[in-house]
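So the structure is just underneath, and the comments pick up after that.
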Amino acid sequence: MAQDYTEYLAINVLNEQQIVSYRLLSRALKVHVNFAKQMLYEFHRKQNAKKPGSVHATYLLTGTRRPTPSQVNGSHSQEDCEDTVMQSSPMLPSRSFPQPDNETAEEEAPLIRSIMLVKQEHLDQAKATFETISSIHIYSLEANGLSDVQVLTECNRKVAADYASEDQLEAWKQYGTIQNPNVKRRKRGTAPPPPPAPIAKTADVKVKPAPPTAKPEQKVDSKPSSAKPTPEPEQTKKSAAKPAPAKRQNSDIFKSFAKSKTKPKGESQSSAEASPAPAEPEDQPMGGFSEDEADDNALMEAEKASDAPAGKSKKDRAAELEAMMDQEDEEMEDAATPVAEPEEPENAIDKVSPPKEEEPKETVKVENGRRRGRRRVMKKVTAKDEEGYLVTKEEAAWESFSEDEPPPKKARLPSAQTSSKPAAKKGGKTQGGNIMSFFGKK
Amino acid sequence: MAVDNTPSDGALLSAPSDTQHETLNRSPSQYNPLNTFDLPKGEHRLYQQQYADMYFARLAALKPAVEQVAADAWVDYEIAGETPRQVDRVLDVRQGDLCWVVGTCYMEMPLKPNVLDDIGKEHWIAAPPPRVKYVEDEGKEQMMLEDESGRLRLTGGVLGQVLLVTGAIIAVVGTENKDGDFEVIDVRVPDLPRQPQRWERDDGDAALNPKAPTPTRPQGGKVAIVSGLSISGDAGDTLTLDLLMEYLLGESTGPEDQASTAQISHLIIAGNSLSNASPIPSRSALLAASAKNRGHAKKYGYDSSAYNAAPTDRLDTFLANLLPSIPITLLPGEHDPTSTSLPQPPIHAAMFPHSRAYMPPPNQPPTPTNTWFSPTTNPSTFDLCGYRFLGTSGQPLDDIYRYVHGENRLEMMEAMLRWRLVAPTAPDTLWCYPFQDGDAFVMKECPHVFFVGNQPKFETGVVEGPRGEQVRMVAVPGFRETGEVVVVDLESLEVEVVKVEIFEGG
Numbered sequence: 001m002a003q004d005y006t007e008y009l010a011i012n013v014l015n016e017q018q019i020v021s022y023r024l025l026s027r028a029l030k031v032h033v034n035f036a037k038q039m040l041y042e043f044h045r046k047q048n049a050k051k052p053g054s055v056h057a058t059y060l061l062t063g064t065r066r067p068t069p070s071q072v073n074g075s076h077s078q079e080d081c082e083d084t085v086m087q088s089s090p091m092l093p094s095r096s097f098p099q100p101d102n103e104t105a106e107e108e109a110p111l112i113r114s115i116m117l118v119k120q121e122h123l124d125q126a127k128a129t130f131e132t133i134s135s136i137h138i139y140s141l142e143a144n145g146l147s148d149v150q151v152l153t154e155c156n157r158k159v160a161a162d163y164a165s166e167d168q169l170e171a172w173k174q175y176g177t178i179q180n181p182n183v184k185r186r187k188r189g190t191a192p193p194p195p196p197a198p199i200a201k202t203a204d205v206k207v208k209p210a211p212p213t214a215k216p217e218q219k220v221d222s223k224p225s226s227a228k229p230t231p232e233p234e235q236t237k238k239s240a241a242k243p244a245p246a247k248r249q250n251s252d253i254f255k256s257f258a259k260s261k262t263k264p265k266g267e268s269q270s271s272a273e274a275s276p277a278p279a280e281p282e283d284q285p286m287g288g289f290s291e292d293e294a295d296d297n298a299l300m301e302a303e304k305a306s307d308a309p310a311g312k313s314k315k316d317r318a319a320e321l322e323a324m325m326d327q328e329d330e331e332m333e334d335a336a337t338p339v340a341e342p343e344e345p346e347n348a349i350d351k352v353s354p355p356k357e358e359e360p361k362e363t364v365k366v367e368n369g370r371r372r373g374r375r376r377v378m379k380k381v382t383a384k385d386e387e388g389y390l391v392t393k394e395e396a397a398w399e400s401f402s403e404d405e406p407p408p409k410k411a412r413l414p415s416a417q418t419s420s421k422p423a424a425k426k427g428g429k430t431q432g433g434n435i436m437s438f439f440g441k442k
Numbered sequence: 443m444a445v446d447n448t449p450s451d452g453a454l455l456s457a458p459s460d461t462q463h464e465t466l467n468r469s470p471s472q473y474n475p476l477n478t479f480d481l482p483k484g485e486h487r488l489y490q491q492q493y494a495d496m497y498f499a500r501l502a503a504l505k506p507a508v509e510q511v512a513a514d515a516w517v518d519y520e521i522a523g524e525t526p527r528q529v530d531r532v533l534d535v536r537q538g539d540l541c542w543v544v545g546t547c548y549m550e551m552p553l554k555p556n557v558l559d560d561i562g563k564e565h566w567i568a569a570p571p572p573r574v575k576y577v578e579d580e581g582k583e584q585m586m587l588e589d590e591s592g593r594l595r596l597t598g599g600v601l602g603q604v605l606l607v608t609g610a611i612i613a614v615v616g617t618e619n620k621d622g623d624f625e626v627i628d629v630r631v632p633d634l635p636r637q638p639q640r641w642e643r644d645d646g647d648a649a650l651n652p653k654a655p656t657p658t659r660p661q662g663g664k665v666a667i668v669s670g671l672s673i674s675g676d677a678g679d680t681l682t683l684d685l686l687m688e689y690l691l692g693e694s695t696g697p698e699d700q701a702s703t704a705q706i707s708h709l710i711i712a713g714n715s716l717s718n719a720s721p722i723p724s725r726s727a728l729l730a731a732s733a734k735n736r737g738h739a740k741k742y743g744y745d746s747s748a749y750n751a752a753p754t755d756r757l758d759t760f761l762a763n764l765l766p767s768i769p770i771t772l773l774p775g776e777h778d779p780t781s782t783s784l785p786q787p788p789i790h791a792a793m794f795p796h797s798r799a800y801m802p803p804p805n806q807p808p809t810p811t812n813t814w815f816s817p818t819t820n821p822s823t824f825d826l827c828g829y830r831f832l833g834t835s836g837q838p839l840d841d842i843y844r845y846v847h848g849e850n851r852l853e854m855m856e857a858m859l860r861w862r863l864v865a866p867t868a869p870d871t872l873w874c875y876p877f878q879d880g881d882a883f884v885m886k887e888c889p890h891v892f893f894v895g896n897q898p899k900f901e902t903g904v905v906e907g908p909r910g911e912q913v914r915m916v917a918v919p920g921f922r923e924t925g926e927v928v929v930v931d932l933e934s935l936e937v938e939v940v941k942v943e944i945f946e947g948g
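As you go down the protein sequences, you meet chains A and B in turn. Each residue of the first sequence is one higher than the one before, counting from 1 in our numbering. Each residue of the second sequence is one higher than the one before, counting from 443 in our numbering.
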């Protein structure tokens with residue numbers, strides 16, 4: 001255990017220049033948060049003993065303090081100088097009995113409990129503002145100082161993204177989160193994915209000409225790589241299936257690169273990952289047909305049967321790779337962030353194939369008074385770029401919708417249907433189908 | 443970097459040890475929702491009714507209470523050998539008679555928004571910004587008393603001494619002078635309604651269902667109230683939100699503080715969770731948009747190019763992170779994506795793809811046993827550990843604030859309780875649903891805790907009623923501006939403030 005955390009911190013804080021909070025560390029190593037806080041402290045102490053200033057820390061102070069004058073509670077300040085304050089509000093009518101004017105403030109001057117995040121260089125200053133300090137611990141470690149404390153939010157975003165698959169009710173016990181034995185959670189049975197058959201039909205009926213073969217697509221995507229031979233459907237299937245595991249897996253690959261000291265390469269790759277599809281934007285103003293759309297799109301469908309075999313082989317490979325790695329790398333925290341899918345670098349054709357997938361069209365279907373279908377929306381995605389800045393950009397993503405048919409506004413939407421959109425999005429992590437189903441058809 | 447360790451904080455600033463860190467269990471909470479402010483569903487929700495019905499219903503509901511108070515107060519009131527007699531309708535007041543009468547207060551103020559101004563606004567180039575206050579100098583406003591029969595203009599020095607707004611039901615005693623105005627000598631309001639005993643409703647339910655085992659009444663724990671999270675799409679400033687989440691989860695801070703956090707058994711989010719989620723396009727913008735779209739098929743649903751889902755996503759994630767550990771009641775606020783007129787319906791479950799699992803199943807009413815995450819109406823009332831809670835996200839109080847001189851919001855909160863009105867100024871200057879039978883904003887029972895969200899600063903106080911009722915009032919400040927969370931002890935109803943902040947040097 002001891003070695004684990006030293007190694008993890010050395011890699012992430014010193015080598016990769018990441019910010020590691022106690023929360024992230026506890027998730028990564030599956031330890032209690034308080035234990036993780038101690039690990040951060042120990043690492044910070046040792047490293048700075050070796051080389052002063054090599055690791056910067058932020059602290060979290062908890063305690064009680066008097067509010068600074070500017071934040072003094074208004075009612076009290078008024079009481080303090082009752083006579084000089086203008087007789088502001090008129091008295092209330094018909095008070096049952098005269099009440100002392102300070103009835104509103106029978107508590108003594110307020111001591112507020114404060115939870116304060118402070119950079120290490122301000123620690124002593126901050127401590128001085130407290131009356132009592134009940135606890136103090138390291139919140140995060142980072143290699144260089146923090147220019148903006150707000151970048152610490154990145155840690156929790158990472159936690160949310162990387163460990164989203166954990167069942168919070170189970171997994172959080174080990175982290176020391178306060179447990180609630182009374183928690184009531186429903187089984188998630190209410191979000192039926194749209195049945196595959198009608199969707200396929202929709203595609204056939206309504207879709208604007210979206211030929212399944214590669215030819216017209218090549219016309220559409222003018223990427224240089226499109227000159228390559230059309231990949232057989234099998235391969236397309238393979239690459240598009242199971243997008244989420246692939247993503248994790250490829251970040252593992254980065255990790256192995258980073259470890260085996262081809263670090264620049266790993267970095268460049270991850271930067272490629274951060275800024276999606278750099279090659280595309282200029283010729284595709286619509287936001288590019290980077291395969292994240294295909295992914296997102298694929299997520300909507302529940303056509304698992306057709307891609308199951310392909311997905312499996314992929315999974316096996318993923319498992320093997322994962323076995324080689326002993327640590328989680330960070331990955332882009334937003335599922336919608338497109339990934340250049342650089343896994344299997346030896347298979348060039350796979351890399352090419354994603355853009356080949358035919359562009360999904362917006363489909364709309366009218367069915368007993370409701371319009372359903374998929375449409376492309378611009379989503380705001382926030383990510384940290386390679387320089388550590390938080391960047392928000394708009395990206396195209398697909399979502400399903402269902403809304404009242406304009407003329408007969410009658411149907412009140414049952415909530416199950418309303419739910420289909422987000423559920424589909426979530427379910428997306430694990431399934432991928434729509435494109436496959438398309439190819440399978442033809 | 444040398445850090446001096448004091449004994450209390452040393453535990454977390456030391457090398458990892460083999461000591462077992464314990465995982466705490468949170469205090470249980472007993473949440474029992476009420477549906478006082480639920481609106482009719484579906485096609486039964488109509489907007490054709492006249493608002494006048496609301497005033498009639500309000501007067502009818504509160505008149506007996508005011509008459510009782512006034513009769514008690516003025517039974518041996520004597521002026522120049524005359525005792526006031528009650529007059530039933532304001533039009534029955536005769537000049538020179540000493541009498542008292544009950545009616546609805548109405549304030550005429552030059553700055554008060556007027557529906558005619560709204561129509562005029564469309565012809566202006568730029569509408570003036572909304573007013574901070576409707577009142578200006580003393581004397582410009584006119585106060586009137588009205589009932590179903592007519593109106594009576596009120597005058598008299600005593601009116602300057604009392605806090606009154608449109609919509610309050612009051613009794614006034616005095617005489618009509620030669621100008622036809624009513625010279626007010628004294629004013630009475632309904633005062634606090636009956637306050638239920640603690641656990642009364644739960645006990646009542648238990649009595650109706652004798653087979654159910656007697657519930658255990660756990661130690662109350664505490665409830666945290668926060669408002670104005672103001673989550674926006676920009677990720678740049680959410681660190682305090684993260685810190686709040688970690689605090690409530692009991693992950694940050696040391697073992698002692700974690701133990702005290704474990705006492706917080708419920709979280710109330712009192713409005714404005716999103717910073718600006720439902721901007722209402724002005725009529726001119728709508729016209730312009732429709733002109734642009736002429737020829738195209740009309741677009742329904744949201745405009746996907748203009749819509750940003752990030753705020754709701756973040757709110758959902760925030761809630762989903764907290765829910766495994768703490769039950770949450772969520773009131774919508776002024777900026778939240780739901781109807782803007784009071785009572786605001788709960789934020790729809792579709793906004794919470796992750797948190798939804800903790801809600802009662804669709805199409806089932808919330809009950810104490812199936813509710814963990816409870817998006818409620820605004821205003822909202824519910825029982826928590828036997829205590830009756832009544833809260834709003836701040837709009838009614840903010841609107842009262844515009845009517846009166848002065849800044850003391852606690853006094854205004856107290857006035858709301860004594861008027862027995864959650865939203866007195868609706869429907870005059872506050873948008874609200876046109877209730878047909880009965881005004882939902884009339885308090886039928888006195889709460890134990892009355893909280894109002896999105897206030898400029900934290901304030902608290904206790905109001906006492908004529909029959910020994912005690913109400914804890916809490917003004918909850920916006921979290922984004924202050925970083926403050928109010929924690930109310932559910933046994934003693936004592937209040938404390940927890941402030942989440944970032945030290946910026948200096």
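Even for Gly, the Cβ is constructed at its ideal location relative to N, Cα and C. Just so we're clear, the structure is a prediction, and the values are computed from it rather than from any experiment.
Point to revise | Residues that H708 of chain B bridges to, as DSSP identifies them | key: B:V665
Practice item. Please determine if the region 859-876 of chain B and the region 784-803 of chain B are in contact, where contact requires at least 3 C-beta pairs separated by less than 8 Å. Key: yes
Exercise for review: Below 7 Å between beta carbons is the criterion; list the residues of the region 637-648 of chain B that meet it against any residue of chain A, in chain order.
Suggested key: none
Point to revise | Bridge partner(s) assigned by DSSP for V377 of chain A | key: A:A397
Review point. Between H44 of chain A and I138 of chain A, which are expected to be in contact by the criterion C-beta below 8 Å, what is the C-beta distance as a whole number of angstroms?
Key: 6 Å
Practice item. Would you tell me roughly how many angstroms separate the C-alpha atoms of S715 of chain B and R65 of chain A, rounded to the nearest one? Key: 27 Å
Point to revise | Burial state of L932 of chain B (16 or more Cβ within 10 Å) | key: buried
**Study point:** Amino acids of chain B, ordered along the chain, whose beta-carbon sits closer than 7 Å to that of A126 of chain A
**Key:** F945
Point to revise | Residues within the region 808-820 of chain B neighbouring chain A, beta-carbon criterion of under 8 Å | key: T811, N812, T813, W814
Check your understanding: Would a C-beta distance cut-off of 8 Å place A613 of chain B and E520 of chain B closer than the cut-off?
Key -> no
Point to revise | DSSP bridge partner residues for N820 of chain B (one or two, in chain order) | key: B:Q786
Review point. Going along the chain, which residues of its own chain have a beta-carbon closer than 6 Å to the beta-carbon of E926 of chain B, five neighbours each way excluded?
Key: F900, P919, V939, K941
**Study point:** Three-state secondary structure assigned by DSSP to M915 of chain B
**Key:** strand
Review point. Once you ignore the five residues that flank L501 of chain B on each side, which residues in its own chain have a CB closer than 8 Å to its CB?
Key: V544, G545, T546, D589, E590, I611
Review point. With C-beta atoms as the reference, is L29 of chain A less than 8 Å away from L117 of chain A?
Key: no
**Study point:** Outcome for E121 of chain A when other beta-carbon atoms lying within 10 angstroms are tallied against a minimum of 16
**Key:** exposed
Exercise for review: For H890 of chain B, name the three-state secondary structure that DSSP assigns.
Suggested key: coil
Practice item. Please confirm if I112 of chain A has its CB atom under 8 Å from at least one CB of chain B. Key: yes
Point to revise | Within 8 Å of chain A by C-beta, residues of the region 763-793 of chain B in sequence order | key: N763, L765, P766, S767, I768, P769, H790, A791, A792
**Study point:** DSSP three-state assignment for S851 of chain B, whether helix, strand or coil
**Key:** Residue identity check: residue 851 of chain B is Arg in the sequence provided, not Ser. Residue state, collapsed to three classes: helix.
Check your understanding: Does the beta carbon of Q160 of chain A sit closer than 8 Å to a beta carbon anywhere in chain B?
Key -> It should be noted that the sequence gives Ala, not Gln, for residue 160 of chain A. Answer yes: the Cβ-Cβ gap between A160 of chain A and chain B drops below 8 Å somewhere.
**Study point:** chain B contacts from the region 19-48 of chain A (Cβ-Cβ distance under 7 Å)
**Key:** R23, H32, V33, N34, F35, K37, Q38, M39, Y41, E42, N48
Practice item. Return the CA-CA distance between S469 of chain B and Q168 of chain A, expressed in angstroms with no decimal places. Key: 19 Å
Review point. Which residues share a DSSP beta bridge with C541 of chain B?
Key: B:R527, B:G616
Point to revise | Through-space distance from P638 of chain B to D645 of chain B, alpha-carbon basis | key: 11 Å
Review point. Just the Cα atoms here: how many angstroms apart are S114 of chain A and R922 of chain B?
Key: 15 Å
Review point. Per DSSP, L587 of chain B is paired with what?
Key: B:C547, B:L594
Point to revise | Cutoff 8 Å: S175 of chain A Cβ touching any chain B Cβ | key: Looking at the sequence shown, residue 175 of chain A is not Ser but Tyr. By this cut-off, Y175 of chain A is an interface position.
Point to revise | For K46 of chain A, three-class secondary structure by DSSP | key: helix
Check your understanding: Should I944 of chain B go down as buried or exposed, given a rule of 16 or more other Cβ atoms within 10 Å for buried?
Key -> buried
Practice item. Using a cut-off of 9 Å between C-beta atoms, extract the partners of N467 of chain B located in chain A. Key: I178, Q179, N180, P181
Practice item. Using a Cβ-Cβ cut-off of 8 Å, state whether Y800 of chain B counts as contacting chain A. Key: yes
Review point. So I768 of chain B and L709 of chain B are in contact, right, with Cβ under 8 Å, and what is the actual spacing, rounded?
Key: 5 Å
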